[in-house]
Structure formats: C-alpha cells, structure tokens
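Residues in the sequence shown are numbered from 2 upward in steps of one, following the numbering used here.
Virtual Cβ for every residue (Gly too), placed ideally from N, Cα, C.
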Amino acid sequence: MTEATDLAAAAGSADPRVGLRAVVALRRLLEGLEHLQVANARAKGWSWQEIADALQVTRQGVHKKHAHLMPMNDPREG
Numbered sequence: 002m003t004e005a006t007d008l009a010a011a012a013g014s015a016d017p018r019v020g021l022r023a024v025v026a027l028r029r030l031l032e033g034l035e036h037l038q039v040a041n042a043r044a045k046g047w048s049w050q051e052i053a054d055a056l057q058v059t060r061q062g063v064h065k066k067h068a069h070l071m072p073m074n075d076p077r078e079g
C-alpha cells in the first residue's frame with residue numbers, strides 16, 4: 002500500500018485520535034501536491050486563471066495561496 006492509501010484507511014478509523022491524525026497528514030500531503038502541481042503549471046506557462054479553473058477556485062484565491070511560494074523571475078532576464 003502507499004502512504005496515501007494507508008492514510009485514507011486510517012482516516013476512516015473508529016478511533017478519533019487515529020482518524021484525526023490521518024486527516025491532518027492527508028491535508029499536508031494534498032497541500033504539498035497542490036503546490037507541486039501549481040509550480041509545474043506555472044513553469045509550463047499556465048496563467049493563474051488556467052490553474053484556478055483546473056482547481057475549481059478563483060484566480061485571486063489560487064494566486065494568494067501560491068504566488069508567494071513561486072520563484073521570482075528577474076525581469077532583466079529574457
């Protein structure tokens with residue numbers, strides 16, 4: 002099994018302590034994956050609107066959440 006599969010199974014645990022810890026771990030995993038894919042999309046030239054559409058959120062929301070994590074391009078570089 003994979004880590005995600007194990008965590009998904011644990012999130013359904015009857016023990017609230019196990020379930021809640023799994024939920025936290027899944028949330029962190031998903032946030033990391035989202036950031037990775039947003040960075041991937043930006044590197045491939047996607048606009049913030051295209052990313053927002055794919056994530057089914059607003060452009061402002063995705064920009065606010067991820068723009069500060071993206072590497073800044075030097076405008077002097079062509």
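Alpha helix (DSSP H) segment containing residue i, residue limits
| i | result |
| --- | --- |
| THR6 | 4-12 |
| TRP49 | 49-56 |
| LYS45 | Careful: LYS45 lies outside any alpha helix (DSSP H) and carries neither H nor E. |
| HIS64 | 60-67 |
Own chain, CB closer than 7 Å to residue i, minus 5 neighbours either side, in chain order
| i | result |
| --- | --- |
| LEU70 | HIS36 |
| LYS45 | none |
| VAL19 | ALA11 |
Close-in-space but distant-in-sequence residues of the same chain around residue i (CB under 6 Å, 5 per side omitted)
| i | result |
| --- | --- |
| ALA23 | LEU8, ALA11 and ALA12 |
| ASP54 | none |
Local Cβ density within 10 Å of residue i, reported as buried at 16 or more and exposed below that
| i | result |
| --- | --- |
| VAL63 | buried |
| VAL25 | exposed |
Whole-Å CB distance - residue i paired with residue j, under 8 Å assumed
| i | j | result |
| --- | --- | --- |
| ARG60 | TRP49 | 5 Å |
| LEU30 | ALA5 | 6 Å |
Residues near residue i in its chain [Cβ-Cβ closer than 8 Å; skip 5 each side]
| i | result |
| --- | --- |
| THR3 | none |
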